[in-house]
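To start, the structure itself, in structure tokens.
In our numbering, the protein residues as written are 6 to 137.
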């Protein structure tokens with residue numbers, strides 16, 4: 006982050022990202038302060054959020070599960086992580102910034118504990134997937 010972004014805080018190693026206001030754009034919490042990303046309001050960029058729920062051999066929060074989103078020309082990969090930093094925790098819902106990509110996109114989940122699930126989804130929404 007730079008001063009031009011308007012984000013100023015005491016020196017800290019702690020930060021967390023989440024879509025706090027549900028507009029599809031990541032917001033920042035750091036140094037005890039919250040910054041809401043208002044740049045997304047005028048953006049034509051698209052996103053996809055994937056929320057996982059584990060079952061069976063996969064833990065309930067699906068920590069360790071990997072999600073791959075394919076948009077045709079590009080492939081994005083994220084993993085559900087817990088305790089990502091000293092004193093910080095990012096949102097367990099995975100956020101994929103897709104730029105100008107239109108939908109639908111292909112989602113593949115490699116579940117912690119084994120198993121794979123695939124499906125298609127439209128952009129600019131939250132998709133919930135549960136391990137069966």
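Just so you know, even glycine gets a beta-carbon here, dropped at the ideal spot from N, CA and C.
{"Check": "Reduced DSSP category for residue 66 - H, G, I as helix; E, B as strand; rest coil", "Outcome": "coil"}
{"Check": "Own chain, CB closer than 6 Å to residue 34, minus 5 neighbours either side, in chain order", "Outcome": "21"}
{"Check": "According to DSSP, residues forming a beta bridge with residue 130", "Outcome": "Answer is none; residue 130 lacks a bridge partner."}
{"Check": "Closest residue to residue 57 among 63, 49, 50, 67 (Cα-Cα distance)", "Outcome": "67"}
{"Check": "Reference residue 86; option with closest CA among 70, 80, 77, 76", "Outcome": "70"}
{"Check": "Pair within 7 Å by beta-carbon distance, residue 127 and residue 108", "Outcome": "yes"}
{"Check": "C-beta atoms of residue 136 and residue 98 nearer than 7 Å", "Outcome": "no"}
{"Check": "Exposed unless 16 or more other CB atoms sit within 10 angstroms - verdict on residue 29", "Outcome": "buried"}
{"Check": "Own chain, CB closer than 6 Å to residue 104, minus 5 neighbours either side, in chain order", "Outcome": "50"}
{"Check": "Own chain, CB closer than 8 Å to residue 32, minus 5 neighbours either side, in chain order", "Outcome": "22, 23, 24, 25, 26, 39, 40, 41, 42"}
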